[in-house]
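Protein chains in written order, with the working numbering: chain A, 2 to 179; chain B, 2 to 179; chain C, 2 to 179; chain D, 2 to 179. Even glycine gets a Cβ: it sits at the ideal position worked out from N, Cα and C. Note that the structure is a prediction, hence the values are computed from the model and not measured.
Protein chains: 4
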Amino acid sequence: MRKFQIAVVGSGTIPDNSEEYQLAKNLGKCLADNDFIILCGGLGGAMKAVCEGVKESEHYVYGQTIGILPELDKSTSNAFVDVQIATGMSKARNQIIIASADAVIAISGGAGTLSELSFAWQLKKKILVLENSGGWSEKLANSRIDNSRDDKIIAVSSVDEVIDILEKILVLNDINRL
Amino acid sequence: MRKFQIAVVGSGTIPDNSEEYQLAKNLGKCLADNDFIILCGGLGGAMKAVCEGVKESEHYVYGQTIGILPELDKSTSNAFVDVQIATGMSKARNQIIIASADAVIAISGGAGTLSELSFAWQLKKKILVLENSGGWSEKLANSRIDNSRDDKIIAVSSVDEVIDILEKILVLNDINRL
Amino acid sequence: MRKFQIAVVGSGTIPDNSEEYQLAKNLGKCLADNDFIILCGGLGGAMKAVCEGVKESEHYVYGQTIGILPELDKSTSNAFVDVQIATGMSKARNQIIIASADAVIAISGGAGTLSELSFAWQLKKKILVLENSGGWSEKLANSRIDNSRDDKIIAVSSVDEVIDILEKILVLNDINRL
Amino acid sequence: MRKFQIAVVGSGTIPDNSEEYQLAKNLGKCLADNDFIILCGGLGGAMKAVCEGVKESEHYVYGQTIGILPELDKSTSNAFVDVQIATGMSKARNQIIIASADAVIAISGGAGTLSELSFAWQLKKKILVLENSGGWSEKLANSRIDNSRDDKIIAVSSVDEVIDILEKILVLNDINRL
């Protein structure tokens, strides 16, 4: 059976010692604990944090971190990416991260993250945002990006809640109960 | 001398008899009157409106409307597009519309427009939004998408003001006076 | 009525004083004389030559040279490109050049040109190659790239013959007589 | 330590009971036996064969088959792909397959494979072709696509030789001995 692929998006510039970094790292660890494949943009900040967290999971297996890079050069990825997808498509690679995901989770985030949330909304992906993480995640929590969908961006308050909801919408395929 | 290329972005689903359609059409006409090349996504709604407007300008010359299409098939463009750029890149073509522009103007707009405004912000393009047109144009008027830039999304209240500001920032290259 | 869009592909490294450069320039001039829109990769070598030739046509109008660039930065285009399409898609922009064309003409060419001819074959575009220009144009003249099509890559011996054939297959839509 | 990523390219239309299919399947198995990650276009024919072969290896671990798809829809992948990368970039996704690879192996192949070999040549990737497999692999064996490189496309006569050469050029990084 194919494993679920979860895209984690967020700012590429948060420093390693920040609260958001710790949050993203913890998210990565918990996603790996639950056997999800993690997709990200492969660079620094939240992308590095989530991959680093995956590596700290006891359930980690090689191949669980996929970095979808803007450059043609694979060596631009962060050190915690296992599989390096070098697109050479610049920021247009955001479409690939989102289209490849079964669900999208955002932490904080600026304009890059906003473009990813916009694509996710258009591609009818389930979107979860950490509601107290600042940036566009906080601004868009519990809202609709436009009227093309009836559901909302799901606001979650903790990493545990992320796992709980992913379990419901993906594993149990139980969207109606949300 | 190379002409300026202006990207116009907005909802692909506004009906032909709507106020926004008329506004976008008027914008297209005025841009053409002032010898700008118009870039858009090549499909319907605001994209069609702006191209239709261009054709009503007395200064219109063939090649003034460029449609940058999501599909591989050129024939998916609206009837008012002169030059059909068939990307086959789906929504990732939004990056191309923005990167090719000297300035970006938004009218109303949903998630697709929001992805374009996000790219425009990241690529340091000057962004003008019609402030009373609803959608993401209205929501983002006079704001910053993130802290990576000091300037703001410029809110304009009329098509005449669009032309006036483009004149200042492009033709006179007089950003400081804004 | 929409004008036909002709992609011209060839080596980006031929020097300005070479025979191929002169040939590509002459091709550009003749295409412009016949009111075609010229698409190319927007960089140097054959791409610059063909755009330079367009500008020497008495029928030239602004917008007749379209450069579809690999970079995000418009200023990477050659000086003879009117409309700069900045894709940020690296070599993947070759798909866009081909998909946007009503017919493809190749002069000489290395690996980049070969990728464009491969795309053109797959996208069912009419392909003309200058048979004595060397490179992949010469190697593929009068051949099929694979068995997915019944027709062949059309070998032409002069710029005049290019115009003659384009006239037949596009303007007269008279493919059967070839 | 990061595992090597090997792109396998070839015709998408070879039937399941053909000799080429068996060859590609055997190649997939041997690559997996040697702990390589396999990248492919994710669709049918040689792409399916190589992924199916991977699954028959005793060393197979989940995540060893990566399918880089032309469509936005993940479900277009073949059944043996573990990680589905949905690009929405049509044939331009060929750039991503190649840029992400440490080495490229071709079996037979038509125009699609030829575009991949062209990209691989431009991106300075080591290219191996199965010399008796027909198609463009056979035509380009022991040749140069253009003069931008001094080395040649490496012709191999068996799957064992593929593994042997990959071992030398990647694992031992011993390019000079080839």
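Closer than 8 Å at the C-beta level to chain B, one finds these residues of the stretch 66–99 of chain D: Leu73, Gly89, Met90, Ser91, Lys92, Ala93. For Gly64 of chain C, at least one C-beta of chain B is nearer than 7 Å to its own C-beta.
Contact note: Ser149 of chain B reaches chain A through Thr14, Gly111, Ala112, using a C-beta cutoff of 9 Å and chain order. Leu32 of chain B is classed as buried because its beta carbon has at least 16 other beta carbons within 10 Å across all chains shown.
Counting other Cβ atoms within 10 Å of its Cβ, Ser91 of chain C reaches 16 or more and is therefore classed as buried. Fewer than three pairs of CB atoms, one per stretch, sit closer than 8 Å, so the stretch 64–83 of chain B makes no contact with the stretch 66–85 of chain D. With a cut-off of 8 Å on Cβ pairs, the stretch 105–116 of chain D is in contact with the stretch 135–151 of chain D, counting three or more such pairs.
Between the C-alpha atoms of Ser144 of chain A and Leu44 of chain A there is a straight-line separation of about 28 Å.
Put simply, the CB of Ser116 of chain A is near chain B, with a gap under 7 Å to one of its CB atoms.
With three or more CB-CB distances shorter than 8 Å, the stretch 23–31 of chain C counts as touching the stretch 44–56 of chain C. In the three-state reduction of the DSSP assignment, Leu28 of chain A falls in the helix class, which pools H, G and I. In the three-state DSSP reduction, Gly135 of chain B falls in the coil class, being neither helix nor strand. Three or more beta-carbon pairs drawn from the stretch 155–163 of chain C and the stretch 116–135 of chain C are found closer than 8 Å, and the two stretches are therefore classed as touching. When the beta-carbon positions are compared, Ile98 of chain D and Leu40 of chain D come within less than 7 Å of each other. Between Val55 of chain D and Asn148 of chain D, the alpha-carbon positions lie close to 35 Å from each other. Counting along the chain, Ile99 of chain C sits inside no beta strand (DSSP E); it lies in the alpha helix (DSSP H) bounded by residues 94–100. When 8 Å is used as the limit between beta carbons, Ser119 of chain A is near these residues of chain B: Ala112, Gly113, Leu115, Ser116, Ser119, in chain order. Counting only residues of its own chain and dropping the five nearest sequence neighbours on each side, Glu132 of chain A has a CB closer than 8 Å to the CB of Ser138, Glu139, Ala142, Asn143, Ala156, Val157, Ser158.
In the same chain as Arg150 of chain D, and ignoring 5 residues on each side of it, the C-beta atoms closer than 8 Å to its own belong to Trp122, Lys125, in chain order. Counted as a single uninterrupted DSSP element, the stretch harbouring Leu171 of chain D is not any beta strand (DSSP E), since DSSP gives it neither H nor E. For Ser58 of chain B, the nearest beta carbon of chain C is not closer than 7 Å to its own beta carbon.
For Phe5 of chain C, the closest of C:Glu72, C:Leu118, C:Ala100 by C-alpha to C-alpha distance is C:Ala100. For Leu118 of chain D, the uninterrupted alpha helix (DSSP H) segment begins and ends at 112–123. Distance between Met2 of chain C and Asp36 of chain D, taken at the CA atoms: about 58 Å.
Annotation for Val55 of chain B: the continuous alpha helix (DSSP H) segment containing it runs 47–56. According to the DSSP assignment, Gln6 of chain B belongs to the beta strand (DSSP E) that extends over 6–11. Rounded to whole angstroms, the separation of the alpha carbons of Ala8 of chain D and Asp103 of chain D is 8 Å. For Gln85 of chain B, the three-state secondary structure derived from DSSP is strand.
Residues of the stretch 120–141 of chain D with a Cβ closer than 9 Å to any Cβ of chain A, in chain order: Leu124. Taking 7 Å as the cut-off, the Cβ atoms of Thr114 of chain D and Val10 of chain D count as close. Where Leu70 of chain D is concerned, the enclosing beta strand (DSSP E) starts and stops at 66–70. Taking the Cα positions, Phe120 of chain D is about 6 Å away from Gln96 of chain D. The C-beta separation of Ala93 of chain B from Leu70 of chain B comes to about 12 Å, leaving the pair out of contact by the 8 Å criterion. Here Asn174 of chain D is exposed, its C-beta having fewer than 16 other C-beta atoms within 10 Å. DSSP places Ile164 of chain D in the helix class (H, G or I) of the three-state scheme. Going by DSSP, Ala107 of chain B is part of the beta strand (DSSP E) stretching over 104–108.
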